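What follows is a single structure, written as structure tokens, with notes after it.
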Amino acid sequence: MEVYIDNQKTNFGRRTKDLEKILKAISKKLEKNNKVIENIYINGSSIEEFPFIDMDMKNVMEVTTKSYVDLSLESLNLSREYIEIFFEINSGFQENIIEKEEISTIEIEETDVFLNWFSDLLYFLITNYSFTFPELEETFETFKGELAILSEFKEKKDYIAYVSTLNYCVSDILETFIANIDYYQNCILNDEAQKKNLF
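Mapping to numbering that gives the first Met the number 0: the sequence shown position 67 is 66, numbers consecutive.
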């Protein structure tokens, strides 16, 4: 298999026909350069289109990457949109409770997916960047605790307690975060500029 990363031919895929090993090696190399895999193409088509890849055939793998900086800035921009959607859905939950209507388990699941994504974003930010005030680490720890509580309520199907936790704890964290997104983006850009000046 020939492997190209960002249009540069590499030596990956020459010694092994194990796709998983190739991808792990690529990820490890990218991690050292503060990058992640963005897309993978096999013979010009997205890897998702291949239910099975015959590794005995001559294949060409093309990998596009994204830097941690780009990933962080993109995720912060997405978080604005996702947080707005969260508040719309949460408002719907509150209306359901007032009207004594059933709360949609699908929307609970979607909320859970968002909250876990947000937790991953917080973790990524605190492990890869140093912000001048340490509240983001505290926010992450608090948020992790709230996720555990929400998980218990969801397991018990106690959606009223679930929504109450969203209203009183999680909403405050998200409001504070969204108010500081510009600050986080500026810190990331400044951090990157300082790194470039060192080299």
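Using N, Cα and C, we set each Cβ at its ideal position, and we do this for glycine too. Values in this document were obtained by computation on a predicted structure and should not be read as measured data.
CA-to-CA distance, residue j to residue i, given in whole angstroms
| i | j | result |
| --- | --- | --- |
| Ile148 | Thr110 | 14 Å |
| Ala178 | Lys65 | 26 Å |
| Ile39 | Leu18 | 12 Å |
| Ile172 | Phe142 | 8 Å |
| Leu121 | Asn115 | 10 Å |
| Gly91 | Glu145 | 20 Å |
| Lys20 | Glu94 | 50 Å |
| Tyr67 | Lys155 | 38 Å |
| Phe139 | Ser78 | 15 Å |
Buried or exposed by the 16-neighbour rule on C-beta atoms within 10 Å, applied to residue i
| i | result |
| --- | --- |
| Glu137 | exposed |
| Ser71 | buried |
| Tyr218 | Nothing about residue 218 can be reported from this structure: the residues present for the chain run from 0 to 198 only. |
| Phe51 | exposed |
| Tyr158 | buried |
| Val112 | exposed |
Residue of the options minimising C-alpha distance to residue i
| i | options | result |
| --- | --- | --- |
| Asp181 | Ile41, Asn76, Tyr122, Thr131 | Asn76 |
| Ile187 | Ile125, Glu98, Asn10, Leu165 | Ile125 |
| Glu151 | Ile46, Thr164, Lys57 | Thr164 |
| Lys57 | Ile102, Tyr167, Arg13, Glu174 | Arg13 |
| Gln184 | Gln193, Ser74, Phe139, Glu100 | Ser74 |
Legend entry - Contact between the segment 28 to 38 and the segment 80 to 94 (3+ Cβ pairs under 8 Å): no
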